[in-house]
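Enquirer: In this note's numbering, the protein residues as written are 5 to 269.
All residues carry an ideal CB built from backbone N, CA and C; glycine is no exception.
1. Could you tell me which of 215, 62, 56 sits nearest to residue 205, measuring between CA atoms?
2. Give the straight-line distance between the Cα atoms of residue 179 and residue 226, rounded to the nearest whole angstrom.
3. Using a threshold of 8 Å, state whether the C-beta atoms of residue 36 and residue 102 are closer than that.
4. In the DSSP output, which residue or residues are listed as bridge partners for residue 196?
5. Name, in chain order, the residues that DSSP records as bridge partners for residue 245.
6. Enumerate in chain order the residues of its own chain whose CB-to-CB distance from residue 75 is below 6 Å, with the five nearest sequence positions on each side excluded.
7. Evaluate residue 63 with the Cβ neighbour count: other Cβ atoms within 10 Å of its Cβ, from every protein chain shown; 16 or more gives buried, anything less gives exposed.
8. Taking residue 217 as the reference, give the member of 230, 199, 104 with the closest Cα.
9. Return the first residue and the last residue of the beta strand (DSSP E) that residue 40 is part of.
10. Assuming residue 234 and residue 244 make a contact with CB atoms under 8 Å, what is their CB distance in whole Å?
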């Protein structure tokens, strides 16, 4: 058993080494390269096998213009003939060659038989799966885009506007926001604000976001330099809260800042 036969059986075929590709990525083999690989010293002897193989191919498929193209090349400063061959053309030419005493011809028959089968069955199935994966990826990207757009709308306009744009009936009537009132002992006026629990409920109702704590929310407001949105209330300790009528603005600041941080990372 020679080296070419061993290489073909191991999956590292020398016939791959003479495989060529055109500018469109289509594979082809040169008949001159194939002649050397199969051990033919005289071109005329190999050309006889080429003609017989192409005749058999034509009987099988009809038009062979896509499988065999005559090329004009220069050898030893003289014009000579070559062929650009497809995989199935190489297979039929190998079948037409006399394999007696030529183990390389036997190896070629095996190699091109396997590769032709792959081209007919395995590769199309792989391509179909690749197209399925590409479609799944495209659908996932579109879904993420819709989620991003919806998140932006929630942050900018609140839950009621998004529901209204989606034509959902419960957006028609805005729920009454529950608030907490306390008398300001310094001014005698009544301060209206959202307690920690009220803030969590209202933010989740409007945006779907969960507030970790009142302090984490107000800290983001302070980092943004918007102390004007905060109300200092003593009950009995002094804490900072959000006024109900400034909540949408505060939501935009908090989740806008968090979104920018995520993008920056």
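Expert: Well, looking at it:
1. On the chain shown, position 201 is the one that residue 205 refers to. Taking only the C-alpha atoms, the option nearest residue 205 is 215.
2. Your numbering for residue 179 matches position 175 in the chain shown. Your numbering for residue 226 matches position 222 in the chain shown. Because residue 179 sits at a pLDDT of 45, beneath the cut-off of 50, its placement in the model cannot be relied upon, and the following sentence gives the value as read from the coordinates. About 28 Å.
3. For the purposes of this step, residue 36 is taken as residue 32 along the chain shown, with counting starting at 1. For the purposes of this step, residue 102 is taken as residue 98 along the chain shown, with counting starting at 1. Against a cut-off of 8 Å, the Cβ pair of residue 102 and residue 36 comes out as no contact.
4. Taking the first residue of the chain shown as position 1, residue 196 is located at position 192. 185, per the DSSP bridge assignment.
5. Along the chain shown, one-based indexing puts residue 245 at 241. Looking at the DSSP assignment, residue 245 forms a beta bridge with 235.
6. For the purposes of this step, residue 75 is taken as residue 71 along the chain shown, with counting starting at 1. Excluding residues within five positions, the ones whose Cβ falls inside 6 Å are 86, 88.
7. Along the chain shown, read from residue 1 onward, the residue named residue 63 stands at position 59. By the 10 Å Cβ count, residue 63 comes out exposed.
8. In the chain shown, counting from the first residue as 1, residue 217 sits at position 213. For the residues 230, 199, 104, the minimum Cα distance to residue 217 belongs to 199.
9. By one-based count along the chain shown, residue 40 stands at place 36. Element bounds for residue 40: not the beta strand (DSSP E) but the alpha helix (DSSP H), 35–42.
10. If you number the chain shown from 1, residue 234 lands on position 230. If you number the chain shown from 1, residue 244 lands on position 240. Between residue 244 and residue 234 the Cβ distance is about 4 Å, and since that is below 8 Å, they are a contact.
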